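Q: Got a structure for you, questions after.
In my numbering, the protein residues as written are 2 to 201.
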């Protein structure tokens with residue numbers, strides 16, 4: 002019986018790809034690194050701050066980069082687009098008594114701030130302050146524990162290989178949002194009509 006749905010944040014509930022691109026380019030200038038090529042950034046999107054530091058900011062510590070992100074993300078918040086289906090889908094899950102959480106490779110405090118600005122209200126937010134970055138399964142398992150559900154009672158909705166690999170490692174069924182998974186949806190509203198969610 003389904004008791005919880007875990008959502009990736011970026012690319013699912015919101016689209017902050019452009020905001021993060023502008024933020025990383027600003028960080029590159031701040032730390033004396035070349036500005037990122039957009040195609041290289043697009044391939045890496047969602048990988049987490051440690052991987053960003055290693056790939057784009059050699060010699061800069063992940064903590065220094067994270068501190069910069071925390072201080073300056075809101076400078077680029079105008080580039081964040083909220084998925085208009087996010088609020089209604091979370092509300093529908095709430096109505097059905099299904100818990101919902103955000104599980105993101107963003108620092109927890111920054112994720113909460115972003116979610117607050119997007120005016121969506123998940124039951125729980127789990128970020129990199131709580132567990133290792135996806136594709137490690139830790140975040141998903143922490144979310145399940147805090148929601149009081151077993152992994153087999155949850156679904157993970159994500160749009161990247163990091164989400165898919167984390168779900169597989171946690172033994173949680175994966176709903177691909179625009180990518181292949183155990184199931185695949187092209188629009189977030191389709192989630193509500195899946196037999197696992199609708200109870201049909």
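For glycine and all other residues, C-beta sits at the position ideal for the given N, C-alpha and C.
Everything numeric in this text was worked out from a predicted model, so none of it was measured.
Answer with buried or exposed for residue 171, where buried requires no fewer than 16 other C-beta atoms within 10 angstroms of its C-beta.
A: By one-based count along the chain shown, residue 171 stands at place 170. When all chains shown are included, residue 171 counts as buried.
Q: Judging by CA-CA distance, which residue of 92, 152, 11 and 151 is the nearest neighbour of residue 80?
A: On the chain shown, position 79 is the one that residue 80 refers to. The shortest Cα separation from residue 80 among 92, 152, 11 and 151 belongs to 11.
Q: Grab me the residues of residue 179's own chain with a C-beta within less than 7 angstroms of its C-beta, minus the 5 sequence neighbours each way, in chain order.
A: One-based indexing of the chain shown puts residue 179 at position 178. Around residue 179: 160 and 187.
Q: In this structure, what does DSSP give as the bridge partners for residue 159?
A: Along the chain shown, read from residue 1 onward, the residue named residue 159 stands at position 158. Answer by DSSP bridge pairing, in chain order: 177.
Q: Which one or two residues does DSSP pair with residue 82 in a beta bridge?
A: Locating residue 82 in the chain shown gives position 81, counting from the first residue. DSSP lists 16 as partners of residue 82.
Q: Hey, quick one: how far does the alpha helix (DSSP H) through residue 73 stretch, first residue to last?
A: Your numbering for residue 73 matches position 72 in the chain shown. 63-73 is the span of the alpha helix (DSSP H), which, as asked, contains residue 73.
Q: Could you tell me whether the region 188-198 touches the region 71-88, where touching means 3 or more Cβ pairs closer than 8 angstroms?
A: Because the criterion of three Cβ pairs below 8 angstroms is met, the region 188-198 and the region 71-88 touch.
Q: Just to confirm the assignment: which complete alpha helix (DSSP H) runs, minimum length 4, are found wholly within the region 27-59?
A: Listed in chain order, the complete alpha helix (DSSP H) runs (minimum 4 residues) inside the region 27-59 are 39-45 and 50-57.
Q: Roughly how many angstroms separate the alpha carbons of residue 98 and residue 158, rounded to a whole number?
A: As a working note, residue 98 is residue 97 in the chain shown. As a working note, residue 158 is residue 157 in the chain shown. Each residue's alpha carbon lies about 18 angstroms from the other.
Q: Rank 21, 128 and 45 by C-alpha distance to the C-alpha of residue 147 and give the top, closest one.
A: Reading the chain shown from its first residue, position 146 is the one you call residue 147. Residue 147 has its Cα closest to that of 128, out of 21, 128 and 45.
Q: Could you give the distance in angstroms between the alpha-carbon of residue 209 and the alpha-carbon of residue 140?
A: Residue 209 lies beyond the residue range present for the chain, which begins at 2 and ends at 201; the question has no answer from this structure.
Q: Are the region 23-42 and the region 57-70 touching, with three or more C-beta to C-beta distances below 8 angstroms?
A: Short answer: they touch.
Q: Excluding five sequence neighbours on each side, which residues of the same chain lie with their C-beta closer than 6 angstroms to the C-beta of residue 184?
A: In the chain shown, counting from the first residue as 1, residue 184 sits at position 183. 176, listed in sequence order.
Q: As an exercise, report each continuous alpha helix (DSSP H) stretch of at least 4 residues that is fully enclosed by the region 91-167, in chain order.
A: Counting only runs of 4 or more, we get 109-119 and 139-148.
Q: Hey, could you find the ends of the alpha helix (DSSP H) residue 197 is sitting in?
A: What you label residue 197 is simply residue 196 of the chain shown in a count that begins at 1. Here the alpha helix (DSSP H) through residue 197 covers 196-199.
Q: Indicate whether residue 144 and residue 102 have their beta-carbon atoms separated by less than 8 angstroms.
A: Looking up residue 144 in the chain shown gives position 143. Looking up residue 102 in the chain shown gives position 101. Yes, these two residues count as a Cβ contact at 8 angstroms.
Q: Under the DSSP definition of a beta bridge, which residues are partnered with residue 11?
A: The count along the chain shown starts at 1 and reaches residue 11 at position 10. 15.
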